[in-house]
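Single-structure report; data block below.
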Amino acid sequence: MNQKKTIHLIAAARPNFMKIAPLYHALVKEDWAEPIIVHTGQHYDLNMSDTFFRDLNLPAPHIHLNIGSGTHAEQTGGVMIAYEKVLVENKPDFVIVVGDVNSTVACTLAAVKLGIKVAHLEAGLRSFDRTMPEEINRILTDSIADYLWTPSPDADENLIREGIAPENISMVGNIMIDSLVMMPPKIQILFKLNPMFYIVQGYRESFIYFHPFWTHPRQTIYFWGVTVIIIVIGALIFQRLKPQFADVL
C-alpha cells in the first residue's frame, strides 16, 4: 500500500480557516492524502478560533506556531523561522497557502527554499495598489509558488502579464462559495434560533479597492457576481425556512 502524502494547509487569520475547510474535508476522505492544519497564530483569539473550528467542523490545528502579533517584518520573519523548523522535522510532501497575509508569503518562502512544492489558493488577485502590505504578499507569493490556483479569469490574466507560465496556472473558482455550500445546516439552525438572522458578507475598509474595481471591468463583474450569488443563496434559504417562523414575521 502506498504511503499517504502529507499536505500542510496553512492558516493564519480567521478567513483562512473558511478557505481551508473545504480542502480539509475533501482531502481527509482520500486514501492517498493526510491533510495537516498548520495555524501560524498570526491572528489568534481563543474564543473566536474555537467557534470557527466548531462551525466549520475542523479539528484543532495539528501544528501551532504561536507567532502572535508584531510588525510586518517581525511576523514574516517569525513565521519563516518557526515553520522552517516544522518543515525540516516533518518533511511534508506538499504545502497549500491561502490568501495574502504575512504568513502566506512567509510559509511559501520557507517551503520553496527547502524544495517543497507549494500551491497558492486565491492566486492572481490584485488591487494594483502597492502601498497595501497584502498586495506585496500576493505578488511575492505568486512569483515563487509552484502552482497558482486562481478564482477568476482576470486573475489568470494578471499572472500571465507578470510572467507566470500558463501551465502553472489553474482556475479553480472561488473557494468561499465552497465554504458557503458547506454551511446550510448551520444556517438553518441559526434561522430556527433567531428568525432575524441574516447572511452578511463584510468587508474591512482597507480591502475595498474603489479605484481599481471601477477601472477594471472584469474585477467589477466578478465582485458583483459573487455578491449576487450570496444574496440569491440567502434568499433561497430564507424562502425554504420561512414557513417555520411565519408567525414571528
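In the numbering used here, the protein residues as written are 2 to 250. Cβ coordinates follow ideal geometry from the N, Cα and C atoms, glycine included. Owing to the predicted nature of the structure, the values given are computational and were not obtained by experimental measurement.
query	result
Going by alpha carbons, who is nearest to residue 62 out of 83, 12, 52?	12
Rounded to whole angstroms, what's the CA-CA distance from residue 216 to residue 127? Just pull it up for me.	Bear in mind that a pLDDT of 49 at residue 216, under 50, signals an unreliable position, so the model cannot answer this.
Below 8 Å, how does it come out for the region 25-38 and the region 101-117: are there three or more Cβ pairs, yes or no?	no
Does residue 166 pass the burial test, meaning 16 or more other C-beta atoms within 10 Å, or should it be called exposed?	exposed
Roughly how many angstroms separate the alpha carbons of residue 204 and residue 101, rounded to a whole number?	The predicted position of residue 204 is uncertain, since its pLDDT is 45 and thus under 50; no value can be drawn from it.
Taking one C-beta from the region 134-150 and one from the region 54-61 each time, how about it: are there three or more such pairs within less than 8 Å?	no
Name the DSSP beta bridge partners of residue 88, please?	Answer is none; residue 88 lacks a bridge partner.
Determine the direct distance from the alpha carbon of residue 111 to that of residue 131, and round the result to whole angstroms.	23 Å
For residue 153 versus residue 23, is the C-beta spacing smaller than 7 Å?	no
Can you give me the C-alpha to C-alpha distance between residue 211 and residue 92, rounded to a whole angstrom?	In this predicted model, residue 211 has a pLDDT of only 43, less than 50, meaning its place in the structure is not dependable; the value taken from the coordinates is given anyway. Using only the alpha carbons, I get a separation of about 42 Å.
So is residue 129 buried or exposed if we call it buried at 16+ other beta carbons inside 10 Å?	exposed
Within 10 angstroms of its Cβ, does residue 168 collect 16 or more other Cβ (buried), or is it exposed?	exposed
Taking its Cβ as the centre, do 16 or more other Cβ atoms sit within 10 Å of residue 161, making it buried, or is it exposed?	exposed
Name the one or two DSSP bridge partners that residue 96 has.	9, 119
So residue 105 is in the alpha helix (DSSP H); what residue range does that whole segment cover?	103-114
Between residue 94 and residue 119, is the Cβ-Cβ spacing less than 7 Å?	no
Provide the residue span of the beta strand (DSSP E) that contains residue 172, from first to last.	170-172
What is the DSSP secondary structure of residue 151, reduced to helix, strand or coil?	strand
So who's on the other strand from residue 135, going by DSSP bridges?	Answer is none; residue 135 lacks a bridge partner.
From residue 64 to residue 171, what does the alpha carbon distance come to, in whole angstroms?	28 Å
Check each candidate in 99, 81, 88 and name the one with the smallest Cα separation from residue 21.	99
Is DSSP giving residue 182 helix, strand or coil here?	helix
Can you check DSSP and say which residues form a bridge with residue 37?	9
What are the boundary residues of the alpha helix (DSSP H) that includes residue 61?	Taken as a continuous stretch (DSSP letters only), residue 61 belongs to no alpha helix (DSSP H), as it is neither H nor E.
For residue 35, tell me which candidate among 41, 27, 42 has the shortest Cα-Cα distance.	27
Are the beta-carbon atoms of residue 80 and residue 97 separated by less than 7 Å?	no
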